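Student: Sharing a structure with you now.
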Amino acid sequence: MTQFLWGAFPYLALSVMGVGTLYRLVLRPVTWSAKSSEWLEKRWLRWGSLLFHWGLLFVIGGHVMGLLIPMAWYQAAGIPTEVYHLVADMIGGLAGLVTWLGSLILLVRRVGNRRVRANSSFADFLALGLLFVTITLGDMETIGYNNIVGPYEYRATVGPWARELLTLHVNPNLMVHVPIILQIHILFAFLVFAVSPFTRLVHVWSFPVRYPWRAPMQYRSRTRYLERRAARREDVPVTGTPETRRGD
Ligand code: HEM
512 MTQFLWGAFP
522 YLALSVMGVG
532 TLYRLVLRPV
542 TWSAKSSEWL
552 EKRWLRWGSL
562 LFHWGLLFVI
572 GGHVMGLLIP
582 MAWYQAAGIP
592 TEVYHLVADM
602 IGGLAGLVTW
612 LGSLILLVRR
622 VGNRRVRANS
632 SFADFLALGL
642 LFVTITLGDM
652 ETIGYNNIVG
662 PYEYRATVGP
672 WARELLTLHV
682 NPNLMVHVPI
692 ILQIHILFAF
702 LVFAVSPFTR
712 LVHVWSFPVR
722 YPWRAPMQYR
732 SRTRYLERRA
742 ARREDVPVTG
752 TPETRRGD
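Encoded structure:
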């Protein structure tokens, strides 16, 4: 079971993500969008999205620092383990809470708002639901486990496991004694990676590289537009405010 969960399953999930994302990008490009539901409900989307995305930016930063940078580099830089965990717990904990609150708002909005719910697909609920569970478990580990049981040194187990996974010589035995909350957190995270090509999460791969060169969007005032159209019809020059022209 250890060999499957921490050896085969992550590669399976990452392969589905890679192949699925390429398939969508190359063969189904019209479906490549975040499909915003802003036109259905704006206020909670703004709060939920801001909290979620800003929080996640810091959480991702924390994962890079905690998983991809070896513990030895911190020691070589003279950063004691206690200081590392204190900072990681405080910033990670806060960022984790902000991300959690944002994902909760987005989930409640999608389930609770009638119009948004009616315009949501199964994939939308699946993506948000899996993300919410993954984030909740991450916070339970960082805020709960670390402060109740004591700081867990994941840089000695999960860190090397993640780096060896990425360099294709994974050691599943590194994960055997990892706290169960963290194990489930990571398994759910790989589930999120696996379903991402079939959901609106594909937008994370959209880098607006062409944005600076896009054709300028023309905005024009609706009233002026209607004025001109009316004038063309009446062949009357356009002057004064709209009110006066309505025969007042
Ligand atoms: C969808 C992907 C993921 C999301 C949304 C996510 C989210 C979170 C959040 C919100 C936290 C708590 C705040 C923090 O400490 O930063 C956390 C902690 C953590 N996550 Fe993740 N995570 C994801 C993927 C992963 C993966 C793939 C791994 C390992 C390979 C991982 C390992 C950890 C570890 C070790 C902690 C810290 C636990 C501690 O402080 O003791 N996460 N994650």
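Counting in my numbering, the final residue of the sequence shown is number 759, and the numbers go up one at a time with none missing.
Even glycine gets a Cβ: it sits at the ideal position worked out from N, Cα and C.
Bear in mind that the values here come from a model prediction, so they are computed numbers and not experimental data.
Please tell me whether ARG628 and VAL619 are closer than 8 Å, where the distance is taken between their beta carbons.
Tutor: Residue numbering aside, residue 628 sits at position 117 when the sequence shown is read from its first letter. Residue numbering aside, residue 619 sits at position 108 when the sequence shown is read from its first letter. Taking 8 Å as the Cβ cut-off, ARG628 and VAL619 do not qualify as a contacting pair.
Student: Tell me whether the beta-carbon of THR645 lies closer than 8 Å to the beta-carbon of ALA700.
Tutor: Your numbering for residue 645 matches position 134 in the sequence shown. Your numbering for residue 700 matches position 189 in the sequence shown. It is a contact, given that the beta carbons lie within the stated cut-off.
Student: So for ALA667, helix, strand or coil by DSSP?
Tutor: For the purposes of this step, residue 667 is taken as the residue at position 156 of the sequence shown. Helix.
Student: Measuring alpha carbon to alpha carbon, tell me which of GLU549, PHE709 and TYR730 ends up nearest ALA634.
Tutor: Position 123 of the sequence shown, counted from the start, is the residue given in the question as residue 634. Out of GLU549, PHE709 and TYR730, PHE709 has the C-alpha closest to the C-alpha of ALA634.
Student: Taking all protein chains shown into account, decide if SER614 is buried (16 or more other Cβ within 10 angstroms of its Cβ) or exposed.
Tutor: In the sequence shown, residue 614 corresponds to position 103, counting from 1. When all chains shown are included, SER614 counts as buried.
Student: In chain order, what are the residue ranges of uninterrupted alpha helix (DSSP H) at least 4 long that sit wholly in the stretch 567-652?
Tutor: With a minimum length of 4 residues, the continuous alpha helix (DSSP H) runs that stay inside the stretch 567-652 are 582-587, 592-623, 625-629 and 633-650.
Student: Quick one: what does DSSP say LEU556 is sitting in, helix, strand or coil?
Tutor: In the sequence shown, counting from the first residue as 1, residue 556 sits at position 45. DSSP places LEU556 in helix when its eight states are reduced to three.
Student: Taking a contact to mean a Cβ-Cβ separation below 8 Å, would you say LEU639 touches LEU617 in this structure?
Tutor: Start at 1 with the first residue of the sequence shown, and residue 639 comes out as number 128. Start at 1 with the first residue of the sequence shown, and residue 617 comes out as number 106. In contact: LEU639 and LEU617 (Cβ atoms closer than 8 Å).
Student: Have a look at ASP759 and LYS553 and give me their C-alpha separation to the nearest angstrom.
Tutor: Looking up residue 759 in the sequence shown gives position 248. Looking up residue 553 in the sequence shown gives position 42. Unreliable placement is indicated for ASP759, whose pLDDT of 47 sits below 50; the coordinate value is still reported in the next sentence. So the alpha carbons of these two residues sit roughly 37 Å apart.
Student: If you draw a straight line from the alpha carbon of HIS574 to that of ARG733, how long is it in whole angstroms?
Tutor: Position 63 of the sequence shown, counted from the start, is the residue given in the question as residue 574. Position 222 of the sequence shown, counted from the start, is the residue given in the question as residue 733. One C-alpha to the other measures close to 48 Å.
Student: Measure the alpha-carbon distance for PHE569 versus ASN657 and round it to whole angstroms.
Tutor: For the purposes of this step, residue 569 is taken as residue 58 along the sequence shown, with counting starting at 1. For the purposes of this step, residue 657 is taken as residue 146 along the sequence shown, with counting starting at 1. Approximately 19 Å, taken between the alpha carbons.
Student: Rounded to whole angstroms, what is the Cα-Cα separation between PHE563 and ALA667?
Tutor: Locating residue 563 in the sequence shown gives position 52, counting from the first residue. Locating residue 667 in the sequence shown gives position 156, counting from the first residue. In a straight line, the C-alpha of PHE563 is about 29 Å away from that of ALA667.
Student: Taking the alpha-carbon of SER717 as reference, which of ARG535, LEU556 and LEU702 has the nearest alpha-carbon?
Tutor: Here residue 717 refers to the residue found at position 206 when the sequence shown is read from its first residue. Checking every option, the nearest Cα to that of SER717 belongs to ARG535.
Student: Might you give, ordered along the chain, the residues of its own chain that have their beta carbon closer than 6 Å to the beta carbon of PRO690, omitting 5 neighbours on each side?
Tutor: As a first step, residue 690 is located in the sequence shown; it is residue number 179 there, counting from the start. Counting only Cβ-Cβ distances below 6 Å, and skipping sequence neighbours, we find TYR656 and TYR663.
Student: Let me confirm a value: TRP517 is counted as buried when at least 16 other C-beta atoms fall within 10 Å, else exposed. Which label applies?
Tutor: The residue you call residue 517 lines up with position 6 of the sequence shown. Result: buried.
Student: Kindly indicate the opening and closing residues of the alpha helix (DSSP H) around HIS696.
Tutor: Mapped onto the sequence shown, residue 696 falls at position 185. Element bounds for HIS696: 691-706.
Student: Using the beta-carbon count (16 or more within 10 Å), is GLY566 buried or exposed?
Tutor: Start at 1 with the first residue of the sequence shown, and residue 566 comes out as number 55. Classification for GLY566: buried.
Student: With a CB to CB cut of under 7 Å and the five nearest residues on each side skipped, what residues in its chain are close to MET528?
Tutor: As a first step, residue 528 is located in the sequence shown; it is residue number 17 there, counting from the start. Once the five neighbours on either side are set aside, the close Cβ partners of MET528 are PHE704, ALA705, SER707 and PRO708.
Student: Okay, do the stretch 591-610 and the stretch 668-675 touch, 3+ Cβ pairs below 8 Å being the bar?
Tutor: Judged by Cβ distances under 8 Å, the stretch 591-610 makes no contact with the stretch 668-675, as fewer than three pairs qualify.
Student: Output needed for HIS688: all residues of its chain with C-beta closer than 8 Å, excluding positions within five of it in sequence on either side, in chain order.
Tutor: In the sequence shown, residue 688 corresponds to position 177, counting from 1. Taken in chain order, the residues that qualify are THR668.
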